[in-house]
Amino acid sequence: MMPDSELDAFVEDVAGHFAADGLPLGAGRIIGYLLVCEPAERTAGQLASELKASAGSVSTNLRRLLDTGLVRRRTRAGQRSAVYRLNRDCWLALMRREAERLSTFRILAEKGLAALGEERDTERGGRLREAYELYRRLEEDLASMWERWDVRGHESKVTRRAE
Numbered sequence: 728m729m730p731d732s733e734l735d736a737f738v739e740d741v742a743g744h745f746a747a748d749g750l751p752l753g754a755g756r757i758i759g760y761l762l763v764c765e766p767a768e769r770t771a772g773q774l775a776s777e778l779k780a781s782a783g784s785v786s787t788n789l790r791r792l793l794d795t796g797l798v799r800r801r802t803r804a805g806q807r808s809a810v811y812r813l814n815r816d817c818w819l820a821l822m823r824r825e826a827e828r829l830s831t832f833r834i835l836a837e838k839g840l841a842a843l844g845e846e847r848d849t850e851r852g853g854r855l856r857e858a859y860e861l862y863r864r865l866e867e868d869l870a871s872m873w874e875r876w877d878v879r880g881h882e883s884k885v886t887r888r889a890e
């Protein structure tokens, strides 16, 4: 891995963060490493060597990251090995998936409230209503954030083209 122990610790922290969400540690290490390596692209062999991981583990984790859209693969003319880098829009895609999960639970809570019928105003209905209201509010706030993000993204694209 990189000689800088603080960057090593960062890569491990990123791996732990994503592992808490169910991603294997190896995949999290690849994400962490691709965030800070220079140049930003690495072959599978380079990742295996730099992360001190087996080729099989790197291959398996890269496939998973490709499937989730966090990493993209690119081939270069005249070179055998493909290179991998973080997908430019990976964070947005990751957050949109999380937003979908919030929406799914809000819908489930809404169904639960409907199933309670008149009991929705009881204590157990209150617990469910509280969850529903929190998820509904988060969904509304995220919709507003997406609008701000899209406007910001559009402005930055226009600015880059003009430069």
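Each residue of the sequence shown is one higher than the last, beginning at 728 in this note's numbering. Cβ atoms here follow ideal geometry from the backbone N, Cα and C, with glycine treated the same way.
For L813, the enclosing beta strand (DSSP E) begins and ends at 810-813. The beta carbons of A767 and L752 sit no closer together than 8 Å. By the C-beta density criterion, L761 is buried, having at least 16 other C-beta atoms within 10 angstroms. The continuous alpha helix (DSSP H) containing R828 extends over residues 817-843. R791 has its alpha-carbon roughly 9 Å from the corresponding atom of L797. Cβ contact annotation for S786 (same chain, cutoff 8 Å, sequence separation greater than five): A771, in chain order. Burial is judged here by how many other beta carbons sit within 10 angstroms of a residue's own beta carbon; V763 has fewer than 16 and is exposed. Among the bridge pairs identified by DSSP, T770 is matched with V810. In this structure, DSSP gives R791 a helical state, which the three-state scheme calls helix.
Assigned with DSSP and collapsed to three states, R803 falls in coil, not helix or strand. The secondary-structure analysis by DSSP pairs V798 across a beta bridge with L813.
For a cut-off of 8 Å, the C-beta gap from Y811 to R756 is around 13 Å, too long to register as a contact.
Contact holds between the stretch 828-842 and the stretch 853-866, because three or more Cβ pairs, one in each stretch, are under 8 Å apart.
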